[in-house]
Each structure stands twice: as C-alpha cells, then as structure tokens.
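Enquirer: Can you read through this structure? Questions will come right after.
Residue numbers (our numbering): 107 to 557.
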C-alpha cells in the first residue's frame, strides 16, 4: 500500500503521457517536412545497406469501437483494389530514388486489416515490393492477420511470398467484453487461424492483448491470458487500452462508467504479467513478453533492444520507410509522415509525387534525448559514458540531468557515478520518468493513461 501511495503521489494514476515510440512524438511533427525532404533522405541512404519497410492498409471490414487507429470501413473489395494499385505506384517512386543494392531487414504489413487484400493482389503487391527492395539474409516478413478476415487462399499467398511472422490481435476472449468493444472474435476462430498459419510452416507468432477494457476484472483477464497461453505465441504485447473518444469518435460507443479505475488497471496489468512470466516468458520493456529463444528476448539480454512505431523490435536498420496513408518513416535526418487522409495520399501518388505531409527534422539535442528515452523504455538504464561517446556531449551535463531526475523521483530512480536506472518496483513509472527527459511541451489530452 505504501508503494501504491508513492506511485499515486508521482502521478501514475492521473498522468497522460506518450508511449514514446518516437522522439519527438508525432503531435510535434509539422508541415515543414515535405516530399522533397523525403526524396532527399531516400537518396542519402548508403548503397547496399539494409532498411525496414512498413506498409499501411487503412481498411477494415468492420470498425472496432476500441480502436484509435486511422482506418475506414468497407463492405467491398473495390477501394482495397484501387488502394493496392496506388501502393504499387508509390513503390515505383521509391524505385526511382532508392540507391542501388538496398535490401530489406524487416517488412511489415499493418493497418487496418491488410488481410482484406485478395489473394492475387497479395501476390502482386509482394512481387512489386521485392522487385524494388528484396528481402536480405535472415530478414523478417510479418503481417497483421485478422482471424475473422483470412482464408486458405490468402494464407497460401502470404506463405508463398515468404511470410515469417504472423501477428494476431486478441484484445480479450470474454464474449461480453468483445460485444462492448465491438470486436467479436472467438477463441475457436482465433485458434483455427493460428493452426492454419502454423500448418504452412510460419512458425513465429505475435499476439496483442489489452488490459483496462470495460468490464474487465482480475479473474476475467486471467482467463483470457490462460487461453492465449494455450496458443503458445512467441511474443505478446500487453497494451493498456487508451480511451480517447475526443480523438477516436468510435470510442464514444464504449461506456466510460464500465472502464476500470487507474488502480484497477495496474492490478489487471500485474495479473497478466505474472501469468506470462510464470509460464516462462521473458519480460521485455514495459509491456512485451517473449519466449527466451525469441529474437526479441535475445536482443533484450544482449542490450540490442530498440523501439519503433510498432513497439519493441530487434531490428537494427537505421532507416524505416513507411508506405501508404498516414505511414511514418524514420531516417537519420528525421521523421516523415504521409498524408493521413487516404484521399490526399492517393491524390499525391497519382500525381507522381511522394505523399509526405508532415514530419520533423532532428535538431538541437533531439538525437541525444531520443536515445536517453529509448534506453529507459528498453533497458531501464541510461549510461552516461555511452552517451558522451556516441553524441560528443558533456558527461557532466548528462549527470546533471540524472541528478535532477533523482530529485524529482527519489528512490524510484537509482543514480551512480555513471548511470541512471529504474528499479523493478518503479517500472510502472517508466513513461513518466522518460517524460522528464522530454523537452517538448506535452498536451496531455493527446496521450494515453500512464498505467
């Protein structure tokens, strides 16, 4: 109870803070980055290097009420087919500006529901991608698969294209909660999809599950986690449900009086976390779990864990190129985001230009602070010597920041002559502690609960 009281005093149950999948975060992007910047950054990629590619499909057969992603519903394949043609045109723009010999470290199709794409178009899209930038040695190709929107033909197409990792959204298996959040997906349907995935030799499986959903209880989330464990995913993301109806209007369908209180959210998280660790999963960062032999767990043990817009990753490529409406690219020079409105994205590409609408050019101490925040989010530790070496900055200046953080958080951070660490009992505060290294003004209503 004393620890909970201290966590409350430090704002855990009240604060709304970024998830820090980037720094600065997307709300601080501006329209000062455009398609010409994107083109120049592409051309500056070293020849024969490796990059990652993210492809966004913004369509869903139905719109889940809990989701805050940029998606739109469609009852027919017509807009999906038209959008796929635009993606292929964007790939041609990429071909015209990408240096020779570049290959893929990671390829991920997300959304939305990328498995809405018909099987023959999946093959065409994969061929178009690999003709521009082929998969490199030991590369990973992952796709978000909706168990309600997949069939043998589409799974065959993905397997033939070289799919190595499937990602399944579970959220919660309780049928009453599924009705409340507008996502009907039974355990049987999920298991059937996973069985078919594995039957095609696709061995790696990711799963997402949410805590903090309306009507969720400690007993209920324990049941859902145990059902998920029976499916033996290699990685699990345990995300906190972000209720932001002022940003995602569909969330107005969810009754706010049924949402767990912040203190209850922490209990839900800890219940699920304990079940994953008891079952042998390694705890990765603030909200991921992985089998010890999985690449994510190996990267965490070896200090190679990274963070990007999809969460935690073991990908070390310095460039992530985002294709599709609203996709965000990351370059050594900064971030570039495509137009969020599908119509504006399509218009730009059809006119033969990149659809970049906003972004951020790194300046000042952006890179230094980005690394400090990433180190906290991934390793719960910042090394002053490493930062001084990699960024040519004053070690004394870094230690001064450590001292300020120690003053603010007391025993919830540990400071030595060379490092700042977050001890186990303080890890629920990680995002709040990371915020102390963020020099950009935060509009708290634009972010999710700290717990």
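Ideal Cβ placement from N, Cα and C applies to all residues, glycine included.
Kindly indicate which three-state DSSP category residue 402 falls into: helix, strand or coil?
Expert: Locating residue 402 in the chain shown gives position 296, counting from the first residue. If DSSP states are grouped into helix, strand and coil, residue 402 belongs with the helices.
Enquirer: Smallest Cα separation from residue 539: which of 457, 515, 557 and 523?
Expert: Within the chain shown, residue 539 is the residue found at index 433, counting from 1. Closest option to residue 539, Cα to Cα, is 515.
Enquirer: Kindly indicate which three-state DSSP category residue 163 falls into: helix, strand or coil?
Expert: On the chain shown, position 57 is the one that residue 163 refers to. Correct three-state label for residue 163: strand.
Enquirer: Are the CB atoms of residue 315 and residue 344 nearer to each other than 8 Å?
Expert: Translated into positions along the chain shown, residue 315 becomes position 209. Translated into positions along the chain shown, residue 344 becomes position 238. Closer than 8 Å, so yes.
Enquirer: In whole angstroms, what is the alpha-carbon distance linking residue 265 and residue 117?
Expert: For the purposes of this step, residue 265 is taken as residue 159 along the chain shown, with counting starting at 1. For the purposes of this step, residue 117 is taken as residue 11 along the chain shown, with counting starting at 1. Looking at the two C-alpha atoms, the distance is approximately 47 Å.
Enquirer: DSSP has residue 352 in a bridge; who is on the other side?
Expert: Here the question's residue 352 lines up with position 246 in the chain shown. According to DSSP, residue 352 bridges with nothing at all.
Enquirer: Following the continuous alpha helix (DSSP H) through residue 203, name the residue where it begins and the one where it ends.
Expert: In the chain shown, counting from the first residue as 1, residue 203 sits at position 97. Taken as a continuous stretch (DSSP letters only), the alpha helix (DSSP H) holding residue 203 covers 184 to 203.
Enquirer: Grouping DSSP H, G and I as helix and E and B as strand, with all else coil, what is residue 291?
Expert: Here residue 291 corresponds to residue number 185 of the chain shown, with the count starting at 1. Here residue 291 sits in coil by DSSP.
Enquirer: Identify, in the order they occur along the chain, each residue of the same chain with its Cβ nearer than 6 Å to the Cβ of residue 521, setting aside the five sequence neighbours on each side.
Expert: Walking along the chain shown from the start, residue 521 turns up at place 415. For residue 521, where only same-chain residues beyond five positions count, the Cβ hits under 6 Å are 508 and 512.
Enquirer: In angstroms, rounded to a whole number, what distance separates the CA positions of residue 155 and residue 247?
Expert: Residue mapping note: residue 155 aligns to position 49 of the chain shown, counting from 1. Residue mapping note: residue 247 aligns to position 141 of the chain shown, counting from 1. Looking at the two C-alpha atoms, the distance is approximately 18 Å.
Enquirer: Taking residue 216 as the reference, which of 398, 481 and 165 has the closest Cα?
Expert: Reading the chain shown from its first residue, position 110 is the one you call residue 216. Comparing Cα-Cα distances from residue 216 to each of 398, 481 and 165, the minimum goes to 165.
Enquirer: Along the chain, which unbroken stretches of the alpha helix (DSSP H) at least 4 residues long are found entirely within the region 398 to 472?
Expert: Counting only runs of 4 or more, we get 401 to 407 and 448 to 456.
Enquirer: Assuming the contact rule is C-beta atoms closer than 8 Å, residue 297 and residue 337 should be a hit. Round their C-beta distance to whole Å, please.
Expert: As a first step, residue 297 is located in the chain shown; it is residue number 191 there, counting from the start. As a first step, residue 337 is located in the chain shown; it is residue number 231 there, counting from the start. About 6 Å; that satisfies the 8 Å criterion.
Enquirer: DSSP state of residue 555, grouped into three classes?
Expert: Along the chain shown, read from residue 1 onward, the residue named residue 555 stands at position 449. Three-state DSSP puts residue 555 in a strand.
Enquirer: Which same chain residues end up closer than 6 Å to residue 453 when comparing Cβ atoms and leaving out the 5 residues on each side of it in sequence?
Expert: Reading the chain shown from its first residue, position 347 is the one you call residue 453. Result list for residue 453: empty, nothing under 6 Å.
Enquirer: How about residue 199 and residue 235: are their beta carbons less than 8 Å apart?
Expert: For the purposes of this step, residue 199 is identified with residue 93 of the chain shown, where counting begins at 1. For the purposes of this step, residue 235 is identified with residue 129 of the chain shown, where counting begins at 1. Cβ atoms of residue 199 and residue 235: not closer than 8 Å.
Enquirer: Count Cβ pairs between the region 167 to 177 and the region 355 to 362 that sit closer than 8 Å; are there 3 or more?
Expert: Because the criterion of three Cβ pairs below 8 Å is met, the region 167 to 177 and the region 355 to 362 touch.
Enquirer: Considering Cα atoms alone, identify which of 531, 489, 459 and 441 is closest to residue 147.
Expert: On the chain shown, residue 147 is found 41 positions in, with the first residue counted as 1. If we check each option's Cα against that of residue 147, 441 comes out closest.
Enquirer: So, at 6 Å on beta carbons, what are the nonlocal neighbours of residue 375 in its own chain, with the 5 sequence-adjacent residues on each side left out?
Expert: Locating residue 375 in the chain shown gives position 269, counting from the first residue. Within the same chain, residue 375 has close Cβ partners 317.
Enquirer: Which ranges would you report for the beta strand (DSSP E) in the region 139 to 163 if only whole runs of at least 3 residues count?
Expert: Taking only runs of at least 3 residues, the beta strand (DSSP E) segments lying wholly in the region 139 to 163 are 156 to 163.
Enquirer: Mind checking which residues open and close the alpha helix (DSSP H) that includes residue 367?
Expert: Along the chain shown, one-based indexing puts residue 367 at 261. Run containing residue 367: none; DSSP gives neither H nor E here.
Enquirer: Can you tell me the Cα-Cα spacing of residue 411 and residue 499, whole angstroms?
Expert: For this step, residue 411 is matched to residue 305 along the chain shown. For this step, residue 499 is matched to residue 393 along the chain shown. Distance between the alpha carbons of residue 411 and residue 499: 23 Å.
Enquirer: Which residues share a DSSP beta bridge with residue 488?
Expert: In the chain shown, residue 488 corresponds to position 382, counting from 1. Note: residue 488 sits in a beta bridge opposite 526.
Enquirer: Check whether the region 127 to 141 touches the region 423 to 441, counting contact only when three or more Cβ pairs, one atom from each stretch, lie closer than 8 Å.
Expert: The region 127 to 141, when compared against the region 423 to 441, does touch it at the 8 Å Cβ threshold.
Enquirer: Considering only residues of the same chain and omitting the five flanking positions on each side of residue 225, which have a CB-CB separation below 6 Å?
Expert: Numbered from 1 along the chain shown, position 119 holds the residue referred to as residue 225. Taken in chain order, the residues that qualify are 259, 260 and 263.
Enquirer: Who does residue 244 pair with in a DSSP beta bridge?
Expert: Residue mapping note: residue 244 aligns to position 138 of the chain shown, counting from 1. Note: residue 244 sits in no beta bridge, so no partner.
Enquirer: Can you name the residues that DSSP bridges to residue 250?
Expert: Your numbering for residue 250 matches position 144 in the chain shown. Beta-bridge pairing links residue 250 to 273.
Enquirer: Are the region 471 to 487 and the region 399 to 415 in contact at 8 Å, needing three or more beta carbon pairs?
Expert: The answer is yes - the region 399 to 415 touches the region 471 to 487, with three or more Cβ pairs under 8 Å.
Enquirer: If we count the other Cβ atoms within 10 Å of its Cβ and call it buried at 16 or more, is residue 322 buried or exposed?
Expert: Taking the first residue of the chain shown as position 1, residue 322 is located at position 216. Per the 10 Å Cβ criterion, buried.
Enquirer: In its own chain, which residues sit with a C-beta less than 8 Å from the C-beta of residue 238, not counting the 5 before and 5 after it?
Expert: For the purposes of this step, residue 238 is taken as the residue at position 132 of the chain shown. Only 197, 198, 200, 201 and 204 meet the Cβ criterion.
Enquirer: For residue 339, which residues of its own chain have a beta-carbon under 6 Å away from its beta-carbon, when the five flanking residues on both sides are left out?
Expert: Taking the chain shown and counting its residues from 1, the one referred to as residue 339 is at position 233. Excluding residues within five positions, the ones whose Cβ falls inside 6 Å are 311 and 313.
Enquirer: Give the straight-line distance between the Cα atoms of residue 379 and residue 527, rounded to the nearest whole angstrom.
Expert: To locate residue 379, count along the chain shown from 1; it is residue 273. To locate residue 527, count along the chain shown from 1; it is residue 421. Going from the Cα of residue 379 to the Cα of residue 527 covers about 21 Å.
Enquirer: Are the region 361 to 376 and the region 174 to 191 touching, with three or more C-beta to C-beta distances below 8 Å?
Expert: Too few Cβ pairs lie closer than 8 Å, so no.
Enquirer: Terminal residues of the continuous beta strand (DSSP E) containing residue 389?
Expert: The residue labelled residue 389 in the question sits at position 283 within the chain shown. Element bounds for residue 389: 388 to 390.
Enquirer: Could you tell me the alpha carbon to alpha carbon distance between residue 403 and residue 185, rounded to whole angstroms?
Expert: Numbered from its first residue, the chain shown carries residue 403 at position 297. Numbered from its first residue, the chain shown carries residue 185 at position 79. Roughly 39 Å between the two C-alpha positions.
Enquirer: Rounded to a whole number of angstroms, what is the C-alpha to C-alpha distance between residue 249 and residue 430?
Expert: Against the chain shown, residue 249 aligns to sequence position 143. Against the chain shown, residue 430 aligns to sequence position 324. About 15 Å.
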